[in-house]
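Numbering (the numbering used here), first residue to last: 10 to 260. See below for the structure under consideration.
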Amino acid sequence: GIKPFFIYDWRNYISFFPKSLMEKIAIQLWKKNDIDEDEFKNFLVKKVPSSLADIVSNYQVNIVDKDVQDASGLIQSSYPPSPDAIVFLKVKSLFHAEKELKVFESSSKKVFSYVVSESKIIEADESKNLNKRTEGFSQIVFLEKPKEMDRFSWFDHWTHHHTEIAIETQSNFIYTQNTVVRNLQKESPNFIAIIEECFPEGAMSDPEEFYAAKGNKELLEKNLGIMMASCEKFIDFSKIEVIPTSRYLVI
């Protein structure tokens with residue numbers, strides 16, 4: 010008899026799928042002590058993409074460097090020290106890419122990785138950011154779910170309440186939400202989500218600019234109050250990582 014179409018023909022059409030239909034991996038990296046900041050950045054931004062070019066459709070480096078020194082006041086770490094860099098990349102299948110992704114181990118003393126599901130809330134014209142440092146700075150936040158809160162309620166608050174607040178009360182011009190699907194190391198923290206938000210340079214040290222209230226102290230107090238009230242409803246501040254970084258979109 011005739012076999013169902015999907016049993017034998019789907020592989021012939023996979024090349025027509027959009028490149029966005031990939032597995033996205035978020036990787037926390039702690040550099041080896043004998044590697045300096047510039048060497049580490051050069052390794053991640055220039056050397057690694059060359060070795061992974063055949064298997065990744067997207068490759069982004071977020072690194073803690075001298076360009077984000079003014080944002081040191083924004084750092085929060087429940088698991089110090091914070092990672093020196095976070096890499097976001099997309100592959101067709103982690104199953105076929107795991108061996109190649111070990112390239113990060115040569116320069117890192119610790120690596121934690123997560124398969125994530127990506128939701129782009131605010132997008133920018135990334136053609137302007139390709140192969141150079143994105144303007145301003147990129148804040149990466151790792152969140153865990155409070156023990157007393159169930160997953161449905163957590164995501165319901167995040168998506169149906171907090172997301173709009175984050176848009177309206179901040180000066181973010183890129184906002185990406187990554188839901189953690191699974192950890193790739195047993196010993197890594199049990200993060201539920203990884204967030205990336207890009208802000209103007211002035212927001213590194215100016216709360217008014219961060220909270221979209223430049224020159225308006227009353228609006229700052231209002232926006233900050235709204236944001237904190239929402240955060241307190243679903244964030245465990247004893248299990249959080251907030252890392253200001255320089256962002257390099259390479260592929």
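Just so it is clear, CB atoms sit at the ideal spot from N, CA and C, and this is done for glycine as well. It should be emphasised that the depicted structure is a prediction, and the values quoted were computed from it without experimental measurement.
Cβ neighbour criterion (16 or more within 10 Å) applied to residue i
i           : result
residue 175 : buried
residue 237 : exposed
residue 15  : Confidence at residue 15 is low in this model, with a pLDDT of 46, below 50, so its placement is unreliable and the value that follows should be read with caution. Classification of residue 15: exposed, given that the 10 Å Cβ count is below 16.
residue 190 : exposed
residue 114 : exposed
residue 145 : buried
residue 59  : exposed
residue 80  : buried
residue 225 : exposed
residue 229 : buried
residue 91  : buried
residue 135 : exposed
residue 232 : buried
residue 108 : exposed
residue 161 : exposed
residue 222 : buried
Residue(s) in a DSSP beta bridge with residue i
i           : result
residue 94  : 38 and 72
residue 204 : 150 and 186
Residue range of the alpha helix (DSSP H) that includes residue i
i           : result
residue 238 : 226-240
residue 121 : Looking at the DSSP string, residue 121 is not in any alpha helix (DSSP H); the run it does join, the beta strand (DSSP E), is 117-131.
residue 58  : 57-61
residue 103 : 103-106
residue 219 : 216-219
Enclosing beta strand (DSSP E) for residue i [first to last residue]
i           : result
residue 146 : 146-152
residue 48  : Unbroken run through residue 48 is the alpha helix (DSSP H), 46-51; no beta strand (DSSP E).
residue 250 : 249-258
Nearest-angstrom Cβ-Cβ length linking residue i and residue j, presumed shorter than 8 angstroms
i           : j           : result
residue 93  : residue 40  : 5 angstroms
residue 76  : residue 255 : 5 angstroms
residue 200 : residue 152 : 6 angstroms
residue 243 : residue 171 : 7 angstroms
| query | Going along the chain, which unbroken runs of the alpha helix (DSSP H) with 4 or more residues stay wholly within the stretch 160-194? | reply | 160-166 and 172-177
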